[in-house]
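J.: Below is a structure I'd like to ask you about.
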Amino acid sequence: MVLVSALAAVIGVLSALIAYVLYNLIGFFTNIAFFHRLSWTFQSPRYSSLGWWIILVPVVGGLIVGFMAKYGSSKIRGHGIPEAMEAVLINRSRIDPKVAILKPLSAAIAIGTGG
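When we follow this note's numbering, the leftmost residue of the sequence shown carries the number 4, and every step to the right adds one.
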């Protein structure tokens, strides 16, 4: 029982760290897209000096994610829940490492650019 509790604690800590990294990636891509700087801090895109060009930022973000889906892995499309269920039911809970990297990265780009 102690081993199961320790394993649950390790999984919880790792999940929290991954969530923290994803959160900071969103801030990173927001800063790149709207402020053209390398920073992890969050700032609202309304303070951007892009003017009307700000309309194109989500379009560019969508194009980047589209290229990632076309040339990286088609499994990064969608919301993620159906793909996770498919991996559990069909693939014995195995997810391709490429998908495990590209899915959160594409989500951070899409959210960070206003998608």
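By construction, the Cβ of each residue, glycine as well, lies at the ideal position given by its N, Cα and C atoms.
1) Would VAL62 and ALA36 be called neighbours here (beta carbons separated by less than 8 Å)?
2) Should GLY69 be labelled buried (16 or more other beta-carbon atoms within 10 Å of its own) or exposed?
3) Count the other CB atoms within 10 Å of the CB of GLY15; is the residue buried (16 or more) or exposed (fewer)?
4) Would DSSP call LEU53 helix, strand or coil?
5) GLY117 lies in the alpha helix (DSSP H); which residues open and close that run?
6) The alpha helix (DSSP H) with ALA12 in it runs from where to where?
T.: From the atom records:
1) Residue 62 sits at position 59 when you count from the first residue of the sequence shown. Residue 36 sits at position 33 when you count from the first residue of the sequence shown. In this structure, VAL62 lies away from ALA36, with their beta-carbon atoms at least 8 Å apart.
2) What you label residue 69 is simply residue 66 of the sequence shown in a count that begins at 1. Per the 10 Å Cβ criterion, exposed.
3) Sequence index remark: in the sequence shown, residue 15 carries index 12 (1-based). Under this definition GLY15 is an exposed residue.
4) On the sequence shown, residue 53 is found 50 positions in, with the first residue counted as 1. Note: LEU53 maps to coil in three-state DSSP.
5) Residue numbering aside, residue 117 sits at position 114 when the sequence shown is read from its first letter. Per DSSP, GLY117 belongs to no alpha helix (DSSP H) and is neither H nor E.
6) The residue labelled residue 12 in the question sits at position 9 within the sequence shown. The continuous alpha helix (DSSP H) containing ALA12 extends over residues 5-33.
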